[in-house]
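A.B. asks:
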Amino acid sequence: MRGIVNPQVVRSSRTRPAMAYKNKKKQNNFQNEWIQARRFEWIASQGGKCVQCGSAENLEVDHINRQEKTLKPSQIWSRRKEVREVELLKCQVLCYHCHKIKTINEFTKPLVHGTLNGYRKHKCKCFDCMEWMREDSRRKRAAQRLRKLEALNN
Ligand SMILES: [Zn+2]
Ligand SMILES: [Zn+2]
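Heads up, the sequence shown is in the working numbering, so the first residue is 153 and it goes up one at a time.
1) Using the three-state DSSP reduction, which class does Gln198 fall into: helix, strand or coil?
2) Under 6 Å: does the beta carbon of Asp288 sit that close to some heavy atom of ligand 2?
3) Use the C-beta contact count for Gly200: other C-beta atoms within 10 angstroms, 16 or more gives buried, fewer gives exposed.
4) For Cys205, tell me which candidate among Lys252, Val264, Lys292 has the shortest Cα-Cα distance.
5) With 16 as the cutoff for other CB atoms within 10 Å, does Trp186 come out buried or exposed?
6) Pairs of beta-carbons, one from the stretch 279-296 and one from the stretch 235-248, closer than 8 Å: are there three or more?
7) Pop quiz: Cys202 and Leu246 are said to be a contact at Cβ under 8 Å. What is the actual Cβ separation, rounded to whole angstroms?
8) Put Leu240 into one of helix, strand or coil per three-state DSSP.
9) Sorry if obvious, but does the Cβ on Gln183 come closer than 6 Å to a heavy atom of ligand 1?
10) Enumerate in chain order the residues of its own chain whose CB-to-CB distance from Cys250 is below 6 Å, with the five nearest sequence positions on each side excluded.
11) Measuring from the CB of Gln390, is there a heavy atom of ligand 1 at a distance below 6 Å?
12) Check whether the Cβ atoms of Trp229 and Arg190 lie closer than 7 Å to each other.
13) Taking the DSSP output, what are the residues bridged to Asp214?
14) According to DSSP, simplified to helix, strand and coil, what is Ser164?
15) Considering only residues of the same chain and omitting the five flanking positions on each side of Ala208, which have a CB-CB separation below 7 Å?
16) Can you name, in chain order, every residue of its own chain whose Cβ lies under 6 Å from the Cβ of Arg236, other than the five neighbours on each side?
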């Protein structure tokens, strides 16, 4: 049976187009490999786990202070060593889950008790927030009474 070639296989490989696509894919894989290697090496140098929860899975690069960010994590690895080192000094390792929570918190105004933000946005029911709400309805009722009085006087 050796030496017998299935004619269908030959035809399909000969008619396969997009050689350019194939090469590009190969190139991307190569690029990803050394980028992954640099990324992996840095994460390992940082202890290889999430600084928040200690997980070693789905690790990501996080800028500790969003304001100091000059490069996206994905842009860091292709830069030269000096640039990478400066940017990575501002970074820490977080797992996907902790990174997501941190990002959400960065975009949400912190809860300040006894304010509209505490009662409405965070639906906090602590004494200060409830007191703010009672005070707010008092203010509203007073304003309403005032409007009615003004309407009567006019
Ligand atoms: Zn974590
Ligand atoms: Zn509160």
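Quick reminder that beta carbons are idealized off the backbone N, C-alpha and C, glycines included.
Note that the structure is predicted; figures quoted are calculated from it, not measured.
C.D. replies: On the basis of the coordinates in this document:
1) coil
2) no
3) exposed
4) Lys252
5) exposed
6) no
7) 5 Å
8) helix
9) no
10) Cys202, Gln204, Cys205
11) An answer regarding residue 390 cannot be provided, because it is not within the stretch 153 to 306 covered by the chain.
12) yes
13) Gln244
14) With a pLDDT of 44 at Ser164, under the threshold of 50, the predicted position of this residue should be treated as unreliable, and no value is reported.
15) Gly200, Lys201
16) Ile228
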